[in-house]
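To get my numbering, take the position in the sequence shown, counting from 1, and add 706. Remarks on the structure that follows.
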Amino acid sequence: TQVNLDRACQESSKMADKESTSSQLTVESLVKELEKFRKDITGEFVALLNSSLEPIR
707 TQVNLDRACQ ESSKMADKES TSSQLTVESL VKELEKFRKD ITGEFVALLN SSLEPIR
């Protein structure tokens with residue numbers, strides 16, 4: 707039974723490693739997507755601001 711217990715602990719540890727790796731990848735990809743979205747929104751805002759200020763110049 708000790709061998710089975712050790713094996714179960716090893717499997718549990720492997721599963722935890724896989725979960726942390728996959729969640730880390732998910733967080734990294736989410737951050738990249740949010741950064742792209744932020745740049746897009748910033749660009750659109752600047753363009754809108756410039757076009758709004760054009761008549762004043």
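Beta carbons: idealized from backbone N, C-alpha and C, even for Gly.
Leu754 and Ala714 have their C-alpha atoms spaced approximately 59 Å apart.
Phe743 and Val709 have their C-alpha atoms roughly 51 Å apart.
Rounded to whole angstroms, the separation of the alpha carbons of Ile747 and Glu760 is 20 Å.
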